[in-house]
Structures are given as structure tokens and as C-alpha cells.
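Asks:
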Amino acid sequence: MMMRSLARTLFLSFVSAQSMLVASTAATRAGTVDVQMLNRGAHGTMVFEPDFVQIAPGDTVTFRVGHKSHNAASIATMVPEGFAGFTGKINEEISITFDQPGLYGIKCSPHYTMGMVMVIRVGDATRPEGFPDPSVPPASLKRFEEILARSGL
Ligand SMILES: [Cu+2]
Numbered sequence: 028m029m030m031r032s033l034a035r036t037l038f039l040s041f042v043s044a045q046s047m048l049v050a051s052t053a054a055t056r057a058g059t060v061d062v063q064m065l066n067r068g069a070h071g072t073m074v075f076e077p078d079f080v081q082i083a084p085g086d087t088v089t090f091r092v093g094h095k096s097h098n099a100a101s102i103a104t105m106v107p108e109g110f111a112g113f114t115g116k117i118n119e120e121i122s123i124t125f126d127q128p129g130l131y132g133i134k135c136s137p138h139y140t141m142g143m144v145m146v147i148r149v150g151d152a153t154r155p156e157g158f159p160d161p162s163v164p165p166a167s168l169k170r171f172e173e174i175l176a177r178s179g180l
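Taking this note's numbering as reference, the numbering of the sequence shown is continuous, increasing by one, and the terminal residue is 180.
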């Protein structure tokens with residue numbers, strides 16, 4: 028009886044592992060990554076969490092309202108050439124699909140001077156010249172350097 032119950036448990040965990048594998052394969056195909064906009068996180072105050080996201084071309088990043096009074100906007104001088112750019116509204120969730128490989132610098136407009144920035148890497152892009160843009164606010168420049176060093180870029 029014990030053995031039979033153990034066999035059933037093992038079978039059920041096998042089935043559940045199989046369905047999880049199928050689910051994660053499907054998620055990889057049409058990837059979406061969630062980023063929280065927060066007053067405080069693992070890397071300090073006024074942060075995107077995570078502050079570095081690696082995705083494949085065609086994947087989507089959803090910026091979620093973790094705390095109030097934040098937004099997500101692309102930094103015009105820190106995106107691949109030809110990227111249209113985006114500016115999310117304060118306190119609004121926004122989803123952006125990144126088709127073009129490259130590095131993208133993202134900021135929160137109200138907290139840009141406080142260093143609220145993040146990096147999105149699409150594909151296997153290397154760090155281009157002038158990334159980060161040395162003219163961004165000093166606190167943001169410092170955080171960009173931290174993020175890039177931590178991410179091995
Ligand atoms: Cu903010």
C-alpha cells in the first residue's frame with residue numbers, strides 16, 4: 028500500500044513537471060518580462076526591479092505600478108538607431124515590445140535625477156559607444172555603470 032502510494036506520488040510529480048516544462052517552453056516563445064516601478068528595492072531607493080532585463084527580439088516588457096508616482100520612458104540618446112521611443116504616463120502600466128536588438132536605457136521621468144534608470148538588452152548586443160550617455164544626470168550615470176558592471180557588459 029505504501030509503495031503504491033509512493034508510485035502514484037512519483038507519477039503525479041512527473042506529470043506536473045512535464046506540464047511545467049510545456050508551459051515554460053510556451054513562455055519562451057512569446058516572452059513577457061515584468062518590471063516593477065518601486066520607491067525602494069534590492070538596489071536602493073527609486074528603482075526599477077529588476078533593473079536589468081535580458082530578452083529576445085519580439086519579447087515584451089511590462090512596466091508595473093509597484094508604488095505610485097513613477098513612469099517608464101526610453102532615453103532618446105540610449106536606444107538603437109531607428110527606435111521610435113516611448114513615454115509611459117505616471118501611475119500607468121505600460122507594455123513595450125522590443126523587436127530591434129540592442130541596449131536600451133530606460134528612465135522614470137520624475138526620478139531621473141535620483142538615478143531611477145534601468146537597462147534592457149535585446150538579443151546578444153554588445154555595449155555600444157556612448158552607452159551610457161555621459162550627459163545623463165550623475166546619479167543615473169552612476170546607476171547605469173553599476174547595472175552594466177553587474178551584468179558583465
Ligand atoms: Cu520614479
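Built from N, CA and C at the ideal position, the CB exists for glycine as well.
(1) Between which two residues does the beta strand (DSSP E) containing LEU130 stretch?
(2) State yes or no: is the C-beta of PRO137 nearer than 7 Å to some heavy atom of ligand 1?
(3) Exposed or buried, ILE22, counting other C-beta atoms within 10 Å across all chains shown (16 or more means buried)?
(4) Is the Cβ of ALA176 closer than 8 Å to any Cβ of chain D?
(5) Closer than 7 Å to a non-hydrogen atom of ligand 1 - does that hold for the CB of HIS25?
(6) On the three-pair Cβ rule with 8 Å, is the stretch 115 to 122 touching the stretch 69 to 86?
(7) Given 7 Å as the limit, tell me if MET143 has its C-beta closer than that to any heavy atom belonging to ligand 1.
(8) How big is the Cα-Cα spacing for ASP78 and GLY109?
(9) HIS138 to HIS97, Cα distance in whole Å?
(10) Taking 7 Å as the cut-off, is the beta-carbon of MET73 closer than that to any non-hydrogen atom of ligand 1?
(11) For my contact list, MET105 and GLY132 are in at a C-beta cut-off of 8 Å; report their separation, rounded to the angstrom.
(12) What is the DSSP secondary structure of ARG170, counted as helix, strand or coil?
Replies: Let me lay it out:
(1) If you number the sequence shown from 1, residue 130 lands on position 103. Segment 129 to 134, the beta strand (DSSP E) holding LEU130.
(2) Mapped onto the sequence shown, residue 137 falls at position 110. Result yes, Cβ under 7 Å from ligand 1.
(3) Here the chain covers residues 28 to 180 and nothing more, so residue 22 does not appear.
(4) Here there is only one protein chain, and chain D is not present.
(5) Examination of residue 25 is not possible in this model, given that the chain is present from 28 through 180 alone.
(6) no
(7) On the sequence shown, position 116 is the one that residue 143 refers to. Yes, ligand 1 has a heavy atom inside 7 Å of this Cβ.
(8) Counting from 1 along the sequence shown, the entry for residue 78 is found at position 51. Counting from 1 along the sequence shown, the entry for residue 109 is found at position 82. Their Cα atoms are separated by approximately 23 Å.
(9) For the purposes of this step, residue 138 is identified with residue 111 of the sequence shown, where counting begins at 1. For the purposes of this step, residue 97 is identified with residue 70 of the sequence shown, where counting begins at 1. Taking the straight line joining both Cα atoms gives about 8 Å.
(10) By 1-based counting over the sequence shown, the position of residue 73 is 46. Answer for MET73: yes, Cβ within range of ligand 1.
(11) Taking the sequence shown and counting its residues from 1, the one referred to as residue 105 is at position 78. Taking the sequence shown and counting its residues from 1, the one referred to as residue 132 is at position 105. Right, the Cβ-Cβ distance comes to about 3 Å (below 8 Å), so this counts as a contact.
(12) Start at 1 with the first residue of the sequence shown, and residue 170 comes out as number 143. Three-state result, ARG170: helix.
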